[in-house]
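Note that the protein sequences, when read in sequence, are chains A and B. Residue numbers for the first sequence follow the numbering used here, beginning at 1 and rising by one. Residue numbers for the second sequence follow the numbering used here, beginning at 1001 and rising by one. Even glycine gets a Cβ: it sits at the ideal position worked out from N, Cα and C. Taking it in order: structure first as structure tokens, then the write-up.
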Amino acid sequence: MKALAARRHDRRAPIVLLLLALLLTGGLYAAFAPSASAAAPTSASADDIAKGKQLFQANCSTCHGPSAAGTASGPSLIGVGAAAVDFQVGTGRMPAVMDGPQVEAKPVQFSQEQINQLAAYVASLGPGPAIPTAEEVDPAKGDPATGMALFRTNCAMCHNAVGAGGALSRGKFAPNLWETSPTHLFEAMLTGPQSMPVFNNANLTPDEKRDIIAFINEQGGAAPGGLDLGAIGPVSEGLWAWVVGLGLLIGAAVWIGAKSS
Amino acid sequence: MSTTAAPTRTERLAAGTADYLDQRTGLGAAVKTFARKIFPDHWSFLLGEIALYSFITLIISGIFLTMFFVPSMTETVYHGPWASLNGVQMSEAFSSTLRLSFEVRGGLLMRQIHHWAALIFMASIVTHMFRIFFTGAFRKPRELNWLVGFTLLILGLLAGFSGYSLPDDVLSGNGLRIADGVALAVPIIGTYASYLLFGGQFPGQDLIPRLFTVHILVVPGLILALIGLHLFFVVLHKHTQYPGSGRSNKNVVGYPLFPIYVAKAGGYFFLVFGVIALMGATMSINPVWSYGPFDPSPVSAGAQPDWYMLFLEGALRLMPGQAEIVIGGFTLSLNIIVPAMIVPGVLFTALAIYPFLEAWVTGDKREHHLLDRPRNRPFRTGFGVSLLVAFLILVLAGSNDLIATHFHLSINDITWAFRVLIFVGPWFAFWVTKRICLGLQRKDRELVLHGHETGRIVRFASGEYIEVHKPLDAHERWIRVQHDAIRPLEIEPAEDSRGVRRKGYRIDRMRQRISTVFYEDRVEPVTPAELAAAHSHGEHDSLAAADAHAEVTAGVGAGVVSDGRDHLSADARDH
Chain A
1 MKALAARRHD RRAPIVLLLL ALLLTGGLYA AFAPSASAAA PTSASADDIA
51 KGKQLFQANC STCHGPSAAG TASGPSLIGV GAAAVDFQVG TGRMPAVMDG
101 PQVEAKPVQF SQEQINQLAA YVASLGPGPA IPTAEEVDPA KGDPATGMAL
151 FRTNCAMCHN AVGAGGALSR GKFAPNLWET SPTHLFEAML TGPQSMPVFN
201 NANLTPDEKR DIIAFINEQG GAAPGGLDLG AIGPVSEGLW AWVVGLGLLI
251 GAAVWIGAKS S
Chain B
1001 MSTTAAPTRT ERLAAGTADY LDQRTGLGAA VKTFARKIFP DHWSFLLGEI
1051 ALYSFITLII SGIFLTMFFV PSMTETVYHG PWASLNGVQM SEAFSSTLRL
1101 SFEVRGGLLM RQIHHWAALI FMASIVTHMF RIFFTGAFRK PRELNWLVGF
1151 TLLILGLLAG FSGYSLPDDV LSGNGLRIAD GVALAVPIIG TYASYLLFGG
1201 QFPGQDLIPR LFTVHILVVP GLILALIGLH LFFVVLHKHT QYPGSGRSNK
1251 NVVGYPLFPI YVAKAGGYFF LVFGVIALMG ATMSINPVWS YGPFDPSPVS
1301 AGAQPDWYML FLEGALRLMP GQAEIVIGGF TLSLNIIVPA MIVPGVLFTA
1351 LAIYPFLEAW VTGDKREHHL LDRPRNRPFR TGFGVSLLVA FLILVLAGSN
1401 DLIATHFHLS INDITWAFRV LIFVGPWFAF WVTKRICLGL QRKDRELVLH
1451 GHETGRIVRF ASGEYIEVHK PLDAHERWIR VQHDAIRPLE IEPAEDSRGV
1501 RRKGYRIDRM RQRISTVFYE DRVEPVTPAE LAAAHSHGEH DSLAAADAHA
1551 EVTAGVGAGV VSDGRDHLSA DARDH
């Protein structure tokens, strides 16, 4: 304690305290931050449709209308299919919390069972794309090299070369794809949520979609060259060159020049 | 060392070698001169060394890379450990870069060291250059060395651009496509220039081998030669020093090269190399496998060049596309000419000619070996900051999409904000900086006249209160009063005594006007008369500011205005 008391007035003490406080805050956040988990989808029944209708009327009808035919504040859901529901509700985008440039992903509001019931109800309103099977989206069955070629022709101009995300007009953006589940990736391509164009099965075949999923699955992990710096290219590299590189070197120069004449 | 002790084997060997070399090359005299050469000491004098050492790092790592890189655009099919590119058709250049990264032992580390060293090289050049700028180290006799340094900056840009384009990936290919667009936008000769550069229609088959020659032979050769000239000038002119007691335009106060600076500078090389190697080992840079082999069609989101070219990207992003006009069937692409030629032209010309402009409007033909404190030259400091701010705004404009995604802003609003800021920002920065400089000078005056506040309030028997100030010591005071007061030029009248119009009057008048812009607002240093007045009865405020300045500053001891300063010989300044 005596040593501590002696060091308390050291001029480096505030910096050390600040670093400790940051570490503590970060550690607590990491320990308590909510983590999402998904359950396996199951097949639909008449009971599911009825329960889905109840859920729909309680949670969705304000914007999409009591019969899902749409209102001024939400589009018609007749014919959008189960895939659209599973994507929108399964990524937390629906139910939307507020108006904005675009509806953003947030913690999922329903259990996978409830999502399936909602999907079953919307699918019953009119024919539309179904939720893909586990095999259709299995990254291990796709070819990442073909996926790379397809991705950079069709996706990279918005989502960045490796799917790290990018800007769209007026505050909209193409999100990062690394944490998105293969099923949701497939459904997004199939249904084209928000600003995204629809890549139907004639445009990109289900096999090609799976190749793209295989490519995305390879991204965002450990970079061969060390820290990936956000995988957003030369801007972050330049920033770090100035902050870390020049920062350290100027620090060293000050140290060397400290004992001046 | 004792003279009686017999020399050891190592000592005899060293002495023998030195003697052998000295007898054949006269090395002894050169070593003696250089070892005794005096260098002043300040951390900011080491910024140029970062550039030198990162360039050495670039050469060492670059030689390694040439052993494995194949500068060819011949098509090949990749088979290797990177699954996302397995079986993909690509050029030899790209495939050899992948092999270098994933299969050559230490190859990726060397690539990353090389690229980080390039970023640090350019960053240290800019930092060094602005240290020179803000302290006025470019003044006579060093104007030519400023131009050498400026040319090194341009060559650095060329080295960087030709280097990061070599792997033939999509991202750098996008950059080459822009370069092609800029070449095409040149009026009249554009198409021919583009065909000449690329050996036909973009991208052609010749570009990578040509870039390779430029990158490993032409540009580094020129850089090396100019670095030699740059350092030769430093030795010839001797190093500048910051003002302080005992330092003048006629001496150099510091330590000898040997052993102090050999140890300091030599050690600093290892620090620079160490930091770059640390970055290369832990931080990913230019992962070309993410972008894939070049194909003219795709452009990914977040496509930007390395930081030193980013201002050009920013200028292009800010320029409205409607500026393209067609005259009699010929297209004049102002939407490219303005951002890609005029904007960098203005920025770089301003930087290159500033020393000559300042000398002209100051009417200053003296040699300067004492540096300015930036606050004492408010116009120059403001001008430098406004150049940096213009550059920074363009860099940010080039990153507008990343700012939009990271701060959840609208890219349209950001672009419009920068379109306004690029005109307003530099002026505003100039005004603020100049005001801050003048404020700091006033604070210097205040300190010199009144001394440090002590917080001691004394009450006299008469009831009067005074605050006790502690006067500055001689060293503190000297730093704050040693500089010249520079005033706007005074010129001869338009007509001579016989009423004949004088030749060159118009140019003189223009020169006087610019000089007024430079030096009209100023705070002059405290004169000894003012100081004496302040100390005796505290009524310095009633004295006219600095009419007596010139004669009395000489009395303080600098000899700043004595006649002898124009004729100082180099030897007189050498310790």
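Cβ neighbours of residue i in the same chain (closer than 6 Å, five flanking residues each side left out)
i         : result
A:Val85   : Leu118, Ala119, Val122
B:Val1288 : Thr1097, Pro1167, Asp1169
B:Ser1576 : In the structure displayed, chain B extends from 1001 to 1575; residue 1576 of chain B sits before or after that span and is not available.
A:Val80   : Gly128
B:Arg1036 : Pro1256
B:Cys1437 : Arg1375, Pro1378, Thr1381
A:Lys106  : Gly92
B:His1452 : Lys1470
B:Ser1386 : Pro1426, Ala1429, Phe1430
Below-8 Å beta-carbon distance, residue i vs any chain B residue
i        : result
A:Thr42  : In this prediction, A:Thr42 scores a pLDDT of 46, lower than 50, which makes its location untrustworthy; the coordinate-derived value is nonetheless stated afterwards. With 8 Å as the cut-off, A:Thr42 does not count as an interface residue toward chain B.
A:Gly220 : no
A:Cys63  : no
A:Asp228 : yes
A:Glu237 : yes
A:Ala38  : At A:Ala38 the pLDDT is 39, less than 50, meaning the model places this residue with poor confidence; the figure from the coordinates comes in the next sentence. No, its Cβ sits nowhere closer than 8 Å to a Cβ of chain B.
A:Arg170 : yes
A:Phe215 : yes
A:Trp178 : no
A:Phe186 : no
A:Phe173 : yes
A:Trp242 : yes
8 Å Cβ cutoff, residue i in contact with chain A
i         : result
B:Thr1017 : no
B:Asp1041 : yes
B:His1408 : yes
B:Gly1087 : yes
B:Ile1393 : no
B:Ser1284 : yes
B:Met1319 : no
B:Pro1298 : yes
B:Ala1545 : Because the pLDDT of B:Ala1545 is 42, which lies under 50, any placement of that residue in the model is unreliable, and the question is left without a value.
Rounded C-alpha distance that separates residue i from residue j
i         : j         : result
B:Arg1009 : B:Gln1023 : 21 Å
B:Ile1056 : B:Ala1117 : 9 Å
B:Lys1250 : B:Gly1244 : 13 Å
A:Gly165  : A:Gly27   : 27 Å
A:Phe87   : A:Leu24   : 36 Å
B:Ile1132 : B:Val1148 : 13 Å
B:Arg1522 : B:Gln1241 : 24 Å
A:Ser111  : B:Pro1209 : 59 Å
B:Leu1236 : B:Val1343 : 35 Å
A:Gly257  : B:Val1272 : 15 Å
B:Ala1301 : B:Trp1431 : 37 Å
A:Ala188  : A:Pro182  : 10 Å
B:Thr1282 : A:Gly225  : 7 Å
Exposure label - residue i; buried when at least 16 CB within 10 Å
i         : result
B:Ala1263 : exposed
B:Met1510 : exposed
A:His184  : buried
A:Met98   : exposed
A:Glu237  : buried
B:Arg969  : What is shown of chain B runs 1001 to 1575, which leaves residue 969 of chain B out entirely.
B:Ser1536 : exposed
A:Glu208  : buried
Chain-order list of residues whose beta-carbon lies under 7 Å from that of residue i (same chain, five-residue window excluded)
i         : result
B:His1128 : Leu1047, Gly1048, Ala1051
A:Gln57   : Pro66
B:Arg1501 : Ala1494, Glu1495
B:Leu1021 : Leu1027
B:Asn1089 : Here the sequence assigns Gln to residue 1089 of chain B, which means Asn is not the residue at that position. Closer than 7 Å at the Cβ level, and outside the excluded window around B:Gln1089, lie Glu1075, Val1077.
Contact belief for residue i with residue j at Cβ below 8 Å, rounded distance in angstroms
i         : j         : result
B:Ser1165 : B:Leu1155 : No, B:Ser1165 and B:Leu1155 are not in contact; Cβ-Cβ is about 16 Å, not under 8 Å.
B:Arg1445 : B:Val1526 : 5 Å
B:Thr1309 : B:Leu1158 : For clarity, residue 1309 of chain B is Met in the given sequence; the question names Thr instead. Their Cβ separation, rounded to whole angstroms, is 10 Å, which puts B:Met1309 and B:Leu1158 out of contact at 8 Å.
B:Arg1139 : B:His1368 : 4 Å
A:Gln219  : A:Trp178  : 6 Å
Cutoff 8 Å; reference residue i; Cβ partners in own chain excluding five residues on either side
i         : result
B:Gly1087 : Val1077, Tyr1078, His1079
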